[in-house]
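All residue numbers for the sequence shown refer to the working numbering, where the first residue is 91 and numbers rise by one. The structure under discussion appears below in the form of structure tokens.
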Amino acid sequence: MPETNLILTLAKVIIAAAWADGEVTHDEVNNLKDLLFHLQDLTARDWAELDIYLDAPIDTSERNRLVTELQAAINSPEDKALALRALQEMIEADGEVTEEEQTIAQEIEAAIGAVDVSIFSQMGRLMLGPLRRRQQKVNEPHNREIYMEDFVKNRIYFQIRRRLDLGEAEFDLPQEDLRKLSLAGGLMARVAHVDREVTESEFSAMVEALQRDWSLSHEQAAFVTEIALSEFGVELDPYRLNREFFTSTSEQERVRFMDALFAVAKADGEISHYETEEIRLISHGLKLTHHQFIQAKLRAKE
């Protein structure tokens with residue numbers, strides 16, 4: 091059975107090839123899962139390591155890095171054949187091979203074909219492979235795996251950090267404040283999503299709260315709000331949101347944050363029973379007293 095490192099690295103390259111035309115189809119994802127199911131027993135952590143590459147398009151530099159890592163993981167003619175077969179199956183998964191996919195597939199096939207699997211080369215890779223992989227992960231500035239813990243535990247922060255690295259916005263904030271900001275956005279998104287539809291008024295209320303309480307510009311606040319709302323429900327653990335926001339804030343900050351939650355609930359003109367209950371649950375998770383919750387509710391009705 092192939093080594094787990096080879097399978098994971100191969101899967102990442104296959105995902106990179108699938109992103110060639112700007113999207114990954116359901117057929118391509120299902121084909122990848124079928125392939126991995128038959129090749130290797132992967133852990134939840136392994137799947138998360140692949141999900142992080144399915145989450146957003148892979149550019150040329152990142153694809154080249156993954157191909158280089160795959161070359162280092164191939165140690166035999168059997169590994170080579172497996173990689174080439176899996177790549178072709180993935181490219182043909184949706185029944186239509188685009189010009190972009192074909193071009194990138196040919197580049198990857200050439201890179202795989204160029205790997206020397208002679209006994210002397212295998213010995214060299216055996217000794218140097220682990221060291222090179224560690225160096226690549228540390229030295230690659232946009233290696234998304236650096237943020238694996240955040241991808242698993244705080245998806246909103248992961249997306250904010252990734253998009254900041256891509257130059258989509260600028261924040262002059264310490265990382266800990268940026269993490270806390272992402273948690274606040276996630277908790278407000280919980281309230282906005284109660285009725286399964288986020289209105290323009292709720293979006294604006296979130297933006298205004300972030301501007302007021304975090305001294306952000308309108309553009310920065312809208313950037314965080316858009317990410318928080320789009321990531322809501324995607325592996326977002328409400329209990330973890332509560333716990334991490336609690337541990338990173340003072341009681342005074344949490345009491346003030348209740349006003350922001352009720353402002354989002356009130357954005358459409360009326361605070362519904364379900365919105366009130368959601369805020370009550372958040373208040374309880376943040377270890378505020380019932381009296382503090384009621385006082386915030388009364389302030390919102392003034």
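Where is the CB? At the ideal position from N, CA and C, for every residue including glycine. Just so it is clear, the structure is predicted and the values come from calculations on it, not from any experiment.
Alpha carbon to alpha carbon, what distance is there between residue j and residue i?
| i | j | result |
| --- | --- | --- |
| L172 | D145 | 25 Å |
| L395 | L268 | The question about residue 395 has no answer, for the chain in this structure spans 91 to 392. |
| Q342 | L125 | 52 Å |
| E321 | P167 | 42 Å |
| K102 | D206 | 21 Å |
| V187 | I181 | 6 Å |
| E360 | E309 | 27 Å |
| G375 | Y329 | 7 Å |
| I105 | K387 | 48 Å |
| N233 | N120 | 25 Å |
| K377 | L132 | 38 Å |
| H116 | Q196 | 23 Å |
| E113 | I148 | 10 Å |
| N95 | E159 | 10 Å |
In this structure, how does DSSP classify residue i when only helix, strand and coil are distinguished?
| i | result |
| --- | --- |
| K387 | helix |
| K170 | helix |
| R245 | helix |
| A134 | helix |
| G112 | coil |
| A350 | helix |
| G375 | helix |
| V103 | helix |
| D149 | coil |
| N233 | coil |
| I142 | helix |
| E360 | coil |
| T339 | coil |
| E182 | coil |
Who are the Cβ neighbours of residue i in its own chain at under 7 Å, not counting the five residues just before and after it?
| i | result |
| --- | --- |
| E368 | R280, V281 and V284 |
| L331 | L273, G276 and L277 |
| A201 | V157 and Q161 |
| Q301 | H308 and A311 |
Going by C-alpha distance, which of the options is nearest residue i?
| i | options | result |
| --- | --- | --- |
| E313 | Y247, L326 and E287 | One point to set straight first is that residue 313 is Phe, not Glu, in the sequence displayed. Cα-wise, what sits closest to F313 is Y247. |
| T99 | E197, A163, T133 and W137 | A163 |
| A299 | A318, Y237, A353 and L319 | A353 |
| A107 | T193, W137 and D131 | T193 |
| H381 | G359, H363 and V345 | V345 |
| F347 | N95, E316, A295 and D327 | A295 |
| K270 | L319, E258 and S340 | S340 |
| D136 | F241, D327, A195 and S307 | F241 |
| M238 | G203, L140, D262 and W304 | L140 |
| R153 | I384, W304, H363 and I198 | I198 |
| T337 | T315, E266, T366 and V288 | E266 |
| I142 | R333, A195, T94 and N244 | N244 |
| A138 | E392, I236, R253 and A318 | I236 |
Might you give, ordered along the chain, the residues of its own chain that have their beta carbon closer than 8 Å to the beta carbon of residue i, omitting 5 neighbours on each side?
| i | result |
| --- | --- |
| D111 | T188, E190 and E191 |
Item to check | Contained alpha helix (DSSP H) runs [length at least 4] in the stretch 256-327, N- to C-terminal order | outcome: If we require 4 residues or more, the alpha helix (DSSP H) runs fully inside the stretch 256-327 come out as 265-282, 290-304 and 308-321.
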